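In the numbering used here, the protein residues as written are 132 to 584.
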């Protein structure tokens with residue numbers, strides 16, 4: 132073929148590609164279940180290499196050589212790159228009540244409660260379990276803390292079996308019911324039959340104290356606890372209508388626990404808290420943007436918060452406020468600000484003795500040609516979260532900045548030993564430990580400042 136014909140053919144192909152680029156919808160074309168997408172002109176001809184954040188400056192160890200499979204394995208980060216917790220209106224005393232309560236544990240053998248609410252970023256006890264480890268090593272405490280008796284998210288090391296006809300309620304499926312007593316786990320489990328049971332199966336044997344929180348029961352209601360086929364305890368419940376608790380002790384380590392119920396009480400949570408110390412509850416609300424807290428009964432939630440001595444609430448949401456279509460850019464997040472502010476104000480009202488820390492959204496990437504870049508909605512959500520913290524008078528911790536800032540998520544994903552999943556959104560178990568250490572060190576620095584004052 133002559134060179135002139137080659138040039139002509141190549142030019143025709145380029146012209147055809149240009150026409151397709153101009154007429155093909157930027158968002159792609161859906162034909163039934165098939166979605167077709169053609170690169171834009173910029174992606175074809177003007178794509179520049181996205182500069183990913185250098186996150187190795189964050190770690191004080193070679194992450195590729197760390198075996199982080201063990202739950203009690205601690206990680207190391209460089210403290211000169213720490214992001215501090217931002218206190219409301221620069222109020223240096225905002226966390227003082229929390230720190231004073233932690234100090235009192237060694238004197239009064241108190242139980243101090245911290246609750247970590249979040250979306251799927253903390254599902255399966257990610258991040259929370261590491262924070263629990265670090266704080267219990269420092270202040271004491273043994274046990275996972277509270278868990279719901281039913282959850283739409285995965286609960287680490289626990290699975291459930293139920294007899295027939297149970298009703299399950301959660302703040303993330305509010306459209307399905309008009310229930311309002313969820314408890315601190317934001318869920319409730321109610322048997323429909325007079326005689327029912329729920330069996331908990333544990334990946335690791337448990338022992339020690341357990342406490343069931345329940346309420347709104349009728350007379351002649353009974354609850355029994357069975358482990359290793361032995362009846363641990365059986366109780367006829369007292370006459371308390373709004374909220375009560377019942378405890379028993381597991382002497383022999385067991386991998387299963389059955390709770391039998393006669394009657395139809397509302398069951399809110401089961402608490403594994405042994406002795407004085409700090410207890411750190413993980414409440415993952417998969418798919419949530421942090422809405423629905425304000426649908427709780429105010430008096431009920433206040434009473435449960437006081438009963439469990441809640442001193443800190445962490446709110447970690449935001450990734451679900453990003454549109455699933457990665458090309459969509461939301462012009463204004465005023466709607467998110469309005470809703471988030473409503474939730475924070477409600478949580479303050481129902482937990483007046485607790486400090487609140489909003490954790491800013493983590494980086495989330497979208498595909499751009501062969502590269503990944505920070506989704507343009509992330510900075511907007513982050514700005515709103517910081518504004519809400521300031522306007523509501525609560526603390527704020529910038530996870531986006533702590534993890535490396537703009538275009539940092541690809542650096543967590545594209546490693547010999549990845550620290551985040553290939554959805555470029557969620558940290559994996561190893562990465563969650565480093566995030567946990569970053570937050571722990573930020574909290575520890577605030578605590579040291581309290582001690583020097």
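Virtual Cβ for every residue (Gly too), placed ideally from N, Cα, C.
Bear in mind the structure is a predicted one, so any value in this text is a computation, not a measurement.
Worksheet item: In terms of DSSP beta bridges, what is residue 441 paired with?
Response: 244
Fill in: Proximity to residue 193 [Cα-Cα], best of 185, 200, 202 and 207
207
Item to complete: Put residue 270 into one of helix, strand or coil per three-state DSSP.
Response: helix
Worksheet item: Can you tell me the Cα-Cα spacing of residue 323 and residue 312, whole angstroms?
Response: Rounded to whole angstroms, the separation of the alpha carbons of residue 312 and residue 323 is 17 angstroms.
Discussion item. Could you pull the DSSP bridge partners for residue 377 from this structure?
Written reply: 343
Fill in: Presumed contact (8 angstroms Cβ cut-off) between residue 474 and residue 421, rounded CB distance
Approximately 6 angstroms separates the beta-carbon atoms of residue 474 and residue 421; this is inside 8 angstroms, confirming the contact.
Worksheet item: In this structure, does DSSP put residue 447 in helix, strand or coil?
Response: strand
Discussion item. Once the 5 residues before and after residue 273 are set aside, which same chain residues still bring their CB inside 6 angstroms of it?
Written reply: 405
Fill in: Between the CA atoms of residue 241 and residue 407 - distance to the nearest angstrom
Approximately 5 angstroms, taken between the alpha carbons.
Worksheet item: Does the Cβ-Cβ distance between residue 298 and residue 321 come in under 7 angstroms?
Response: It is a contact, given that the beta carbons lie within the stated cut-off.
Fill in: Nonlocal neighbours in the same chain, by C-beta distance under 8 angstroms from residue 436, ignoring five residues either side
315, 481, 482, 484 and 485
Worksheet entry | Inter-residue spacing [alpha-carbon to alpha-carbon] between residue 301 and residue 583 | 43 angstroms
Worksheet item: Are residue 556 and residue 497 touching if we call contact CB-CB under 7 angstroms?
Response: no
Worksheet item: So, do the segment 226-239 and the segment 529-536 have three or more beta carbon pairs nearer to each other than 8 angstroms?
Response: No, the segment 226-239 is not in contact with the segment 529-536.
Item to complete: Check residue 571 in the structure and name its three-state DSSP category.
Response: helix
Discussion item. By the DSSP assignment, the beta strand (DSSP E) with residue 302 in it spans what residues?
Written reply: For residue 302, no beta strand (DSSP E) encloses it, and the DSSP letter there is neither H nor E.
Discussion item. Going by the DSSP bridge assignment, what does residue 412 pair with across the sheet?
Written reply: 246
Worksheet item: Tell me, which residues are paired with residue 297 by DSSP?
Response: 322
Worksheet item: Does the segment 343-353 touch the segment 370-387, meaning 3 or more C-beta pairs lie closer than 8 angstroms?
Response: yes
Fill in: Option nearest residue 75 by Cα separation, candidates 567, 187 and 580
What the structure shows of the chain is the stretch from 132 to 584, and residue 75 is not part of that stretch, so it cannot be assessed.
Worksheet item: Hey, quick one: how far does the beta strand (DSSP E) through residue 397 stretch, first residue to last?
Response: 397-403
Item to complete: Could you have a look at residue 317 and say whether DSSP puts it in helix, strand or coil?
Response: coil
Fill in: Alpha carbon of residue 552 to alpha carbon of residue 492, nearest angstrom
16 angstroms
Discussion item. Taking only three categories from DSSP, how would you classify residue 583?
Written reply: helix
Fill in: Reference residue 220; option with closest CA among 399, 526 and 257
Minimum Cα distance to residue 220 is reached at 526.
Worksheet item: With 16 as the cutoff for other CB atoms within 10 Å, does residue 504 come out buried or exposed?
Response: Residue 504 is buried by the Cβ-count criterion.
Discussion item. Rounded to whole angstroms, what is the Cα-Cα separation between residue 358 and residue 386?
Written reply: 8 angstroms
Worksheet item: Can residue 669 and residue 425 be called in contact, C-beta distance under 7 angstroms?
Response: The shown model of the chain, from 132 to 584, leaves out residue 669, and the question about it has no answer.
Worksheet item: Counting along the chain, where does the alpha helix (DSSP H) carrying residue 469 start and finish?
Response: 465-481
Fill in: Identity of the residue in 134, 181 and 138 nearest residue 540 by Cα
Among 134, 181 and 138, the Cα nearest to that of residue 540 is on 181.
Worksheet entry | Inter-stretch contact at 8 angstroms, needing at least 3 Cβ pairs: the segment 248-264 / the segment 392-401 | Verdict: no, contact absent.
Worksheet entry | Residue environment, residue 254, which counts as buried when at least 16 other CB atoms sit within 10 Å | Buried, by the Cβ-count rule.
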